[in-house]
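Colleague: Under my numbering, the first residue of the sequence shown carries the number 949, and numbering increases by one thereafter.
Built from N, CA and C at the ideal position, the CB exists for glycine as well.
The following block contains the structure, expressed as structure tokens.
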Amino acid sequence: MLAFLSASTVAGFVLVLCLLLHYEAMNLLERISRELRRHRWVVLITMGGLMLAHILEIWLFAAAFYIAEHVLGLGTVSTPTGDWLDYVYYSAVVYTTLGFGDMVPSAGLRMLTMAEALTGFSLITWSASLTFLQMQRLWRT
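Dropping the structure here:
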């Protein structure tokens, strides 16, 4: 039970960091889009910026999984080699809700996995909404 509570605290912390990062990235991209007049560049810059934000968020969760397993001892993720890139891969699979199932969390890391899936789905949807609104505004015929 303590592992789940501790993992929930870690998940909440990383979730807040991801929300702040995503909000600030979207705010910056929206300001840039208002200054640029050529709509092709606005959409490309927005997509590139959002992809960068998602990659950073995946890496934040990967760091959380690594720390939760190796430092806090909240559970394990059955990684093939146990190196850092396995955690990045696992985080990307969970964040995008791809769900291969080749790596499985145990104990408290299941809570962190659920939180990342919900966060990833929400932030990807939020990004799609911003992109849609920009294209709707800029690509009118």
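Taking Cβ positions, are L963 and A1063 nearer each other than 7 angstroms?
Modeller: Their beta carbons are under 7 angstroms apart, which means L963 touches A1063 by this criterion.
Colleague: Under 7 angstroms, do A1001 and V1036 count as touching if we go by C-beta distance?
Modeller: no
Colleague: Between which residues of its own chain and L965 is the CB-CB distance below 7 angstroms, once the five residues before and five after are set aside?
Modeller: L1008
Colleague: Excluding sequence positions up to five away, which residues of its chain have a Cβ less than 6 angstroms from the Cβ of A1012?
Modeller: V958, V962
Colleague: On the DSSP bridge assignment, give the partners of P1053 in chain order.
Modeller: V1025
Colleague: Kindly confirm or deny that the region 1042–1050 and the region 1067–1080 touch, where touching means at least three C-beta pairs closer than 8 angstroms.
Modeller: yes
Colleague: I need the boundaries of the alpha helix (DSSP H) containing T957, first residue and last residue.
Modeller: T957: member of the alpha helix (DSSP H) spanning 950–983, first to last residue.
Colleague: In chain order, what residues of the same chain have a beta carbon less than 8 angstroms from the beta carbon of T1079, not counting five sequence neighbours either side?
Modeller: If we look at T1079 and ignore the five residues flanking it on each side, its Cβ neighbours are V991, T994, M995, L998.
Colleague: Between which two residues does the alpha helix (DSSP H) carrying D1034 extend?
Modeller: 1032–1043
Colleague: Just verifying my parser: in three-state terms, what is the DSSP assignment at G1047?
Modeller: coil
Colleague: Am I right that Q1082 and S954 are in contact with their C-beta atoms under 8 angstroms? What's the rounded C-beta distance?
Modeller: Their Cβ separation, rounded to whole angstroms, is 40 angstroms, which puts Q1082 and S954 out of contact at 8 angstroms.
Colleague: Looking only at C-alpha atoms, which of T1027, H970, G960 sits nearest to T1073?
Modeller: H970
Colleague: Which word fits T1029, buried or exposed, when buried means at least 16 other C-beta atoms lie within 10 angstroms of its C-beta?
Modeller: exposed
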